[in-house]
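Trainee: Got a structure for you, questions after.
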Ligand SMILES: CC(=O)SCCNC(=O)CCNC(=O)[C@H](O)C(C)(C)COP(=O)(O)OP(=O)(O)OC[C@H]1O[C@@H](n2cnc3c(N)ncnc32)[C@H](O)[C@@H]1OP(=O)(O)O
Ligand SMILES: CC(C)C(=O)C(=O)O
């Protein structure tokens, strides 16, 4: 078994977490969550999607201006309008996401792979011309071939991206397939990989741990595991399991992470087993 040496948490409670049906945080709640995450030792915070419009931009400006002890970054499609919206919030690190599977490129977007690459190139160069650092997101990577993912990673590396996200967008992986795919990709990928799991089959945390065991360093998580459909890997579960099972600290205060999980769950009107239900207003 490969020895797990390093783990870095990338929290997306305020981006994928807020994509969960029925969840919309206020600007003050977003600022409180981001502040609590930074205080708990989370160093990467995906704070939102500026392209969503005025209310999101106002909330994101509050978070950027809070100068938290974390790298706070924004989610973008590979298009100039999204990048301009992120720049207007003051972000210096941008995540630019593109589909990588045939299914998403040809069936969902009805575009070509060449189009995706051209969009990505223009978006990355535009953002870099404004001094931004970039990570690239490979949407629906688990339904793409490893070769398609690696080609995107190589292209992104040539453009100067610093990291690539492997998204199991529909939550179709299990820990065994995750492990064999990630061992292969971690070996050949020119960029550090961030693993982004979805919990459709209840395997998001298990898959994230399998990815970390297989050479991946960055784990994408959300507080209480909230997120699109069945959600994502839970921050408090991943951080605690890293510590308890593998003895890796990931720099996160586990008690603080559990508290944030409970508070976020309470804000969303959910109770998360096995933590105690939180009564009253969270973050008050
Ligand atoms: C897999 C994921 O989880 S992706 C996460 C996306 N985020 C969310 O869903 C958050 C909530 N969503 C929103 O607020 C909105 O959908 C937004 C702000 C993201 C987009 O809003 P709109 O621009 O109005 O959406 P709309 O569906 O019209 O955009 C589609 C356009 O984006 C383009 N597009 C979609 N994905 C990408 C991409 N990754 N890169 C470049 N362009 C893209 C499409 O080709 C289409 O272009 P066209 O209008 O020229 O045909
Ligand atoms: C936008 C990306 C990273 C995403 O949430 C997904 O594909 O699951």
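In this note's numbering, the protein residues as written are 760 to 1043.
Even for Gly, the Cβ is constructed at its ideal location relative to N, Cα and C.
Which of the three DSSP states, helix, strand or coil, is assigned to residue 1029?
Mentor: On the chain shown, residue 1029 is found 270 positions in, with the first residue counted as 1. Three-state DSSP puts residue 1029 in coil, outside helix and strand.
Trainee: Cβ-heavy atom distance between residue 955 and ligand 2 below 6 Å?
Mentor: The sequence position of residue 955 within the chain shown is 196, counting from 1. True, at least one ligand heavy atom lies under 6 Å from that Cβ.
Trainee: I want to know whether the stretch 871-887 touches the stretch 943-951 - three or more CB-CB distances under 8 Å.
Mentor: Not touching, per the Cβ criterion.
Trainee: Could you pull out every residue in the same chain whose Cβ sits closer than 8 Å to the Cβ of residue 892, ignoring the five residues on either side in sequence?
Mentor: The residue given as residue 892 occupies position 133 in the chain shown. Once the five neighbours on either side are set aside, the close Cβ partners of residue 892 are 851, 852, 853, 921.
Trainee: Is the beta carbon of residue 967 within less than 6 Å of some heavy atom of ligand 1?
Mentor: Position 208 of the chain shown holds residue 967. Residue 967 Cβ: outside cutoff for every heavy atom of ligand 1.
Trainee: Give a yes or no on whether the C-beta atoms belonging to residue 794 and residue 981 are separated by under 7 Å.
Mentor: By 1-based counting over the chain shown, the position of residue 794 is 35. By 1-based counting over the chain shown, the position of residue 981 is 222. No, these two residues do not count as a Cβ contact at 7 Å.
Trainee: Is residue 811 a contact residue of ligand 1, with contact defined as CB to any heavy atom under 6 Å?
Mentor: Here residue 811 is taken as the residue at index 52 of the chain shown, counted from 1. Answer for residue 811: yes, Cβ within range of ligand 1.
Trainee: To the nearest angstrom, how far is the alpha carbon of residue 993 from that of residue 782?
Mentor: Counting from one through the chain shown, the residue named residue 993 turns up at place 234. Counting from one through the chain shown, the residue named residue 782 turns up at place 23. Taking the straight line from one Cα to the other gives about 16 Å.
Trainee: At which residue ranges does the stretch 953-1029 contain complete alpha helix (DSSP H) runs of 4 or more residues, listed in the order of the chain?
Mentor: Runs found: 963-972, 994-1005, 1013-1026.
Trainee: Spatial neighbours of residue 969 within its chain, please: C-beta separation below 6 Å, excluding the five flanking residues on both sides.
Mentor: Locating residue 969 in the chain shown gives position 210, counting from the first residue. For residue 969, where only same-chain residues beyond five positions count, the Cβ hits under 6 Å are 934, 937, 938.
Trainee: Tell me the rounded alpha-carbon separation between residue 802 and residue 869.
Mentor: Residue 802 sits at position 43 when you count from the first residue of the chain shown. Residue 869 sits at position 110 when you count from the first residue of the chain shown. Using only the alpha carbons, I get a separation of about 36 Å.
Trainee: Note the first and the last residue of the continuous beta strand (DSSP E) segment covering residue 853.
Mentor: Taking the chain shown and counting its residues from 1, one reaches residue 853 at position 94. Segment 852-858, the beta strand (DSSP E) holding residue 853.
Trainee: Only counting the same chain, and skipping five residues up and downstream in sequence, which positions put a Cβ closer than 8 Å to that of residue 867?
Mentor: The residue you call residue 867 lines up with position 108 of the chain shown. 858.
Trainee: Please determine, among 841, 790, 855, 839, the residue with the shortest C-alpha to C-alpha distance to residue 824.
Mentor: For the purposes of this step, residue 824 is identified with residue 65 of the chain shown, where counting begins at 1. The candidate whose alpha carbon is nearest that of residue 824 is 790.
Trainee: DSSP state of residue 768, grouped into three classes?
Mentor: Mapped onto the chain shown, residue 768 falls at position 9. Looking at residue 768 - three-state DSSP - the assignment turns out to be strand.
Trainee: Leaving out five residues before and five after residue 779 in sequence, what residues of the same chain have Cβ atoms less than 6 Å from its Cβ?
Mentor: Here residue 779 refers to the residue found at position 20 when the chain shown is read from its first residue. Hits under 6 Å: 985, 986.
Trainee: Along the chain, where does the alpha helix (DSSP H) containing residue 876 start, and where does it finish?
Mentor: For this step, residue 876 is matched to residue 117 along the chain shown. Unbroken alpha helix (DSSP H) run through residue 876: 872-888.
Trainee: Grouping DSSP H, G and I as helix and E and B as strand, with all else coil, what is residue 779?
Mentor: What you label residue 779 is simply residue 20 of the chain shown in a count that begins at 1. Residue 779 falls in the coil class under three-state DSSP.
Trainee: Starting from residue 925, trace the beta strand (DSSP E) both ways and give me its first and last residue.
Mentor: As a working mapping, residue 925 is identified with position 166 in the chain shown. Where residue 925 is concerned, the enclosing beta strand (DSSP E) stretches over 922-926.
Trainee: Where does residue 957 land, buried or exposed, given buried means 16+ other C-beta within 10 angstroms?
Mentor: Locating residue 957 in the chain shown gives position 198, counting from the first residue. Looking at its Cβ environment, which holds 16 or more other Cβ atoms inside 10 Å, residue 957 is buried.
Trainee: Taking the straight line between their C-alpha atoms, what separation do you get for residue 871 and residue 799?
Mentor: Numbered from 1 along the chain shown, position 112 holds the residue referred to as residue 871. Numbered from 1 along the chain shown, position 40 holds the residue referred to as residue 799. Cα to Cα, the separation comes out at about 42 Å.
Trainee: Buried or exposed for residue 1017, going by 16 or more other Cβ atoms inside 10 Å?
Mentor: Against the chain shown, residue 1017 aligns to sequence position 258. Label assigned to residue 1017: buried.
Trainee: To the nearest angstrom, how far is the alpha carbon of residue 975 from that of residue 932?
Mentor: Position 216 of the chain shown, counting from 1, holds the residue named residue 975. Position 173 of the chain shown, counting from 1, holds the residue named residue 932. When rounded, the distance between both Cα atoms is 15 Å.
Trainee: So if DSSP puts residue 835 in a beta bridge, which residue, or which two residues, is it bridged to?
Mentor: Position 76 of the chain shown, counting from 1, holds the residue named residue 835. Paired residue(s): 855.
Trainee: Taking the alpha-carbon positions, what's the residue 763 to residue 973 distance?
Mentor: On the chain shown, position 4 is the one that residue 763 refers to. On the chain shown, position 214 is the one that residue 973 refers to. Distance between the alpha carbons of residue 763 and residue 973 is about 8 Å.
Trainee: Would you tell me roughly how many angstroms separate the C-alpha atoms of residue 821 and residue 849, rounded to the nearest one?
Mentor: In the chain shown, counting from the first residue as 1, residue 821 sits at position 62. In the chain shown, counting from the first residue as 1, residue 849 sits at position 90. About 10 Å.
Trainee: Looking only at its own chain, which residues have a Cβ that is under 8 Å from the Cβ of residue 959, when we skip the five neighbours before and after it?
Mentor: The sequence position of residue 959 within the chain shown is 200, counting from 1. Result list for residue 959: 929, 930, 931, 988, 989, in chain order.
Trainee: Kindly examine ligand 1 and report whether one of its heavy atoms sits closer than 6 Å to the Cβ of residue 931.
Mentor: As a working note, residue 931 is residue 172 in the chain shown. No, since every heavy atom of ligand 1 falls outside the 6 Å radius drawn around the Cβ of residue 931.
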